[in-house]
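Those sequence lines, one after another, are chains A and B.
For the first sequence, the numbering used here gives the first residue as 6, with consecutive numbering after it.
For the second sequence, the numbering used here gives the first residue as 6, with consecutive numbering after it.
Even glycine gets a Cβ: it sits at the ideal position worked out from N, Cα and C.
Being a predicted model, the structure only gives us computed values, none of them experimental.
Number of protein chains: 2
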Amino acid sequence: MNLLLLHPDELSTDGSPLRLEGRRFDHVRQVLRSAPGDLLRVGVLGGKLGQGRLITLGDDFLDLLLDPSRDPATGLDQESPLVLPWTLILALPRPKVLRRLISAIATLGIARIYLLHTYKVDKAYWQSPLLSKESLHQALLLGLEQAGATRLPELHLRNRFKPFAEDELPGLAADTTALVLHPGSSTPCPRAVEGPLIVAIGPEGGFLPYEIGKLEEAGLEAVSLGERILRVETVVPWALGRLM
Amino acid sequence: MNLLLLHPDELSTDGSPLRLEGRRFDHVRQVLRSAPGDLLRVGVLGGKLGQGRLITLGDDFLDLLLDPSRDPATGLDQESPLVLPWTLILALPRPKVLRRLISAIATLGIARIYLLHTYKVDKAYWQSPLLSKESLHQALLLGLEQAGATRLPELHLRNRFKPFAEDELPGLAADTTALVLHPGSSTPCPRAVEGPLIVAIGPEGGFLPYEIGKLEEAGLEAVSLGERILRVETVVPWALGRLM
Numbered sequence: 006m007n008l009l010l011l012h013p014d015e016l017s018t019d020g021s022p023l024r025l026e027g028r029r030f031d032h033v034r035q036v037l038r039s040a041p042g043d044l045l046r047v048g049v050l051g052g053k054l055g056q057g058r059l060i061t062l063g064d065d066f067l068d069l070l071l072d073p074s075r076d077p078a079t080g081l082d083q084e085s086p087l088v089l090p091w092t093l094i095l096a097l098p099r100p101k102v103l104r105r106l107i108s109a110i111a112t113l114g115i116a117r118i119y120l121l122h123t124y125k126v127d128k129a130y131w132q133s134p135l136l137s138k139e140s141l142h143q144a145l146l147l148g149l150e151q152a153g154a155t156r157l158p159e160l161h162l163r164n165r166f167k168p169f170a171e172d173e174l175p176g177l178a179a180d181t182t183a184l185v186l187h188p189g190s191s192t193p194c195p196r197a198v199e200g201p202l203i204v205a206i207g208p209e210g211g212f213l214p215y216e217i218g219k220l221e222e223a224g225l226e227a228v229s230l231g232e233r234i235l236r237v238e239t240v241v242p243w244a245l246g247r248l249m
Numbered sequence: 006m007n008l009l010l011l012h013p014d015e016l017s018t019d020g021s022p023l024r025l026e027g028r029r030f031d032h033v034r035q036v037l038r039s040a041p042g043d044l045l046r047v048g049v050l051g052g053k054l055g056q057g058r059l060i061t062l063g064d065d066f067l068d069l070l071l072d073p074s075r076d077p078a079t080g081l082d083q084e085s086p087l088v089l090p091w092t093l094i095l096a097l098p099r100p101k102v103l104r105r106l107i108s109a110i111a112t113l114g115i116a117r118i119y120l121l122h123t124y125k126v127d128k129a130y131w132q133s134p135l136l137s138k139e140s141l142h143q144a145l146l147l148g149l150e151q152a153g154a155t156r157l158p159e160l161h162l163r164n165r166f167k168p169f170a171e172d173e174l175p176g177l178a179a180d181t182t183a184l185v186l187h188p189g190s191s192t193p194c195p196r197a198v199e200g201p202l203i204v205a206i207g208p209e210g211g212f213l214p215y216e217i218g219k220l221e222e223a224g225l226e227a228v229s230l231g232e233r234i235l236r237v238e239t240v241v242p243w244a245l246g247r248l249m
């Protein structure tokens, strides 16, 4: 956690200190080992970054001052790191991998994630409690706290391939660099893409030829990253690093 | 496992089938669910790739034929994927992260890894059983089996920063693109580097200014990947993807 992330509703409107309990309190006491008087890095979800002054450290709460009129070192006046106007379409990975991967994607700063069903995705994955809205939201927050950023990616679940590929994807892919990673392609994956981008990454085992066909019909170009077979948690940051 | 990786000593010299037990047998039976007669992807550590024919599947062993004179579909005649002449210098991460990360690095195909002590690396990490030669070798093999490749990276442990930076690194960095990722730098990290490369990646918490100075003296250039703070398991593939 490189940032105490606050919900806009938690901000006080009268300049009074803000009270935090639970996970964020534990982190300040046990990991940062902060003492009253210390400045802490703070951000507001969807908003700005800055510093708060730790005023009180209780047994199970802390009070944080964020009011520059009372303490000029505090306040929220810095922009969050840039978010790229990019969309990642990812075949739903194993739930255990998914949690870590969703956090990692949130740290990298892209605008939109679609988790997609494909033939080689185990249908049981869609029933996992790790796919609950609350659990995915938590994984995204952990990613922002790690990155020191405040802007959440949009996250969409699509558990039917064909309606997504036929009805939704052509609109998303219009006027956009639109790619699907496919080891069978002879076109190398481009580098350093400017402007909006969509990139689709298949399950371990790959997309079916039928699925590649549907994605191509929707406007995606099949490109290859070479002959090595990578785990999804490796290929996602590796491909984004190459494309960025 | 996308490859049954064999040690050169396991190859028969008289064309007789080769017997496998243990982990590789379990994988063929339980994950691949192969039956006698099936062709399996095979590679020899440090050597070539090809196919073997599953001849017998016993209760705790399998026999594999690799002799093209007896079965033309079998044999080892394909080159392993390319390995880049690259060196990754990595501050030793938490042992639990290390294992996964070493496997991931092996899948990506670089020639050399140094695990380095720095000020912000917990000294206790060096005592972990996961750092034994056997355990690290196993993690590298898992990476090759995943990638479908046969060439192991060299892996070196350096538990003293200063002698490494002063005595060993200048030689490694000579006539090579040599970089250290450092958020404080105003030089952006280059893309698509050709030829030999060394890249150093610090611990979570970063290198000390003193350490950055030592690395620069050894010939490394400090470059930045932006203001987001990434976990080591994210930044390694992300940075390699950008540099490749």
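Limits of the beta strand (DSSP E) - the one that residue i falls within
i: B:H161; result: E159 to R163
i: A:G55; result: L54 to L62
i: B:Y119; result: I115 to L121
i: A:L95; result: L89 to A96
i: B:A40; result: No beta strand (DSSP E) holds B:A40; DSSP gives it neither H nor E.
i: A:T182; result: T182 to L186
C-alpha gap between residue i and residue j, whole angstroms
i: A:L37; j: A:V241; result: 30 angstroms
i: B:V185; j: B:A78; result: 47 angstroms
i: A:R99; j: A:P41; result: 43 angstroms
i: A:L50; j: A:L16; result: 11 angstroms
i: A:G176; j: A:F169; result: 10 angstroms
i: B:P208; j: A:D172; result: 45 angstroms
i: A:F166; j: A:H122; result: 6 angstroms
i: A:R236; j: B:A109; result: 8 angstroms
i: B:G52; j: B:T92; result: 21 angstroms
i: A:K163; j: A:A244; result: For clarity, residue 163 of chain A is Arg in the given sequence; the question names Lys instead. Spanning the two alpha carbons is a distance of roughly 22 angstroms.
i: B:L157; j: A:S137; result: 40 angstroms
i: A:G114; j: B:V204; result: 23 angstroms
i: B:F66; j: B:V126; result: 43 angstroms
i: B:T61; j: B:S190; result: 59 angstroms
i: B:H32; j: B:S39; result: 9 angstroms
i: B:V88; j: B:E199; result: 13 angstroms
i: B:P13; j: B:G27; result: 18 angstroms
i: B:K101; j: A:S74; result: 45 angstroms
i: A:R34; j: B:M6; result: 43 angstroms
i: A:S140; j: A:I94; result: 19 angstroms
i: B:E221; j: B:Q132; result: 29 angstroms
i: A:L146; j: B:V228; result: 28 angstroms
CB contact flag (residue i, residue j, <8 angstroms)
i: B:G57; j: B:V47; result: yes
i: A:T155; j: B:R233; result: no
i: A:P90; j: A:P201; result: yes
i: A:G211; j: A:P195; result: no
i: A:D76; j: A:G20; result: no
i: A:A116; j: A:L174; result: no
i: A:G148; j: A:I107; result: yes
i: A:L45; j: A:L10; result: no
i: B:R247; j: A:R247; result: yes
i: B:E226; j: B:T181; result: no
i: A:L5; j: A:Y130; result: No statement about residue 5 of chain A is possible, as the shown extent of chain A runs from 6 to 249 and does not include it.
i: B:Y252; j: B:E216; result: The requested residue 252 of chain B is not part of the displayed model; chain B covers only 6 to 249.
i: A:L25; j: A:G55; result: no
i: B:L8; j: B:G231; result: no
i: A:L23; j: A:D43; result: no
Per-residue burial, residue i [other beta carbons within 10 Å of its own, 16 or more giving buried]
i: A:Q83; result: exposed
i: A:P214; result: exposed
i: B:Q151; result: buried
i: A:R104; result: buried
i: A:P134; result: exposed
i: A:G218; result: exposed
i: B:T239; result: buried
i: B:A144; result: buried
i: B:A197; result: exposed
i: A:A178; result: buried
Run of the alpha helix (DSSP H) containing residue i, from where it starts to where it stops
i: A:E222; result: P214 to E222
i: A:R247; result: V237 to L248
i: B:D31; result: G27 to D31
i: B:L141; result: K138 to A152
i: B:L177; result: L174 to A178
Could you name the residues of the region 230–243 of chain B whose beta carbon sits closer than 9 angstroms to any beta carbon of chain A, in the order they occur along the chain?
-> Correct list: L230, G231, E232, R233, I234, L235, R236, E238, T239, V240, V241, P242 and W243.
Using a beta-carbon distance cut-off of less than 8 angstroms, what residues from the region 192–223 of chain B approach chain A?
-> So the close ones are R196 and A197.
Using a Cβ-Cβ cut-off of less than 9 angstroms, give me the residues of the region 74–103 of chain B that come near chain A, in sequence order.
-> Listed by position along the chain: P86 and L87.
Return the residues of the region 132–153 of chain B that lie within a Cβ-Cβ distance of less than 8 angstroms from chain A, sorted by chain order.
-> With the criterion set as a beta carbon lying under 8 angstroms from some beta carbon of chain A, the members of the region 132–153 of chain B are Q151, A152 and G153, in sequence order.
Listed in chain order, which residues of the region 176–191 of chain A have Cβ atoms closer than 7 angstroms to some Cβ of chain B?
-> Cβ contacts with chain B: none found.
Against chain A: residues of the region 113–132 of chain B by CB proximity under 8 angstroms = If the cut-off is 8 angstroms between Cβ atoms, the region 113–132 of chain B has L113 and G114 near chain A.
Just by C-beta distance, which residues in the region 26–41 of chain B are closer than 9 angstroms to chain A?
-> Listed in sequence order: no entries.
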